[in-house]
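In the numbering used here, the protein residues as written are 17 to 120.
Glycine included, C-beta positions come from ideal geometry on N, C-alpha and C.
For clarity, every value in this text was computed on a predicted model and none was experimentally measured.
Quick notes on the structure that follows.
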């Protein structure tokens with residue numbers, strides 16, 4: 017269980033890769049808001065603390081990245097098909113550029 021008192025440095029982000037068996041779980045995490053459900057509890061995934069962030073034990077590979085740049089995506093600049101398929105009625109998303117500092 018992740019230490020709720022731990023304050024992670026938000027200068028980092030993670031990109032994690034999971035076995036196919038977690039596809040449905042990850043789909044729920046990606047489609048539900050943390051305001052509506054306790055995503056960490058509902059997922060059943062086991063948290064794993066790292067030096068500046070966290071990942072899950074179930075991840076096959078985790079890239080720890082230092083954030084270099086962040087920008088809100090302008091969906092109006094996307095091809096219409098992508099916009100309709102992935103962003104119709106969705107809130108804004110951010111794009112990050114990061115430097116990989118660790119591979120776990």
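| Query | Result |
| --- | --- |
| Option nearest residue 85 by Cα separation, candidates 35, 91, 53 and 114 | 114 |
| Residue 89 burial status per 10 Å Cβ neighbour count (16 or more: buried) | exposed |
| Residue 62 (DSSP reduced to helix, strand or coil) | coil |
| Sequence-distant residues of its chain with Cβ nearer than 6 Å to residue 20 (five each side left out) | Because residue 20 sits at a pLDDT of 47, beneath the cut-off of 50, its placement in the model cannot be relied upon, and the point is left open. |
| Start-to-end residues for the alpha helix (DSSP H) that takes in residue 43 | 39-47 |
| CB contact flag (residue 31, residue 81, <8 Å) | yes |
| Option nearest residue 75 by Cα separation, candidates 83, 63 and 67 | 63 |
| Span separating the alpha-carbon of residue 68 from that of residue 26 | 8 Å |
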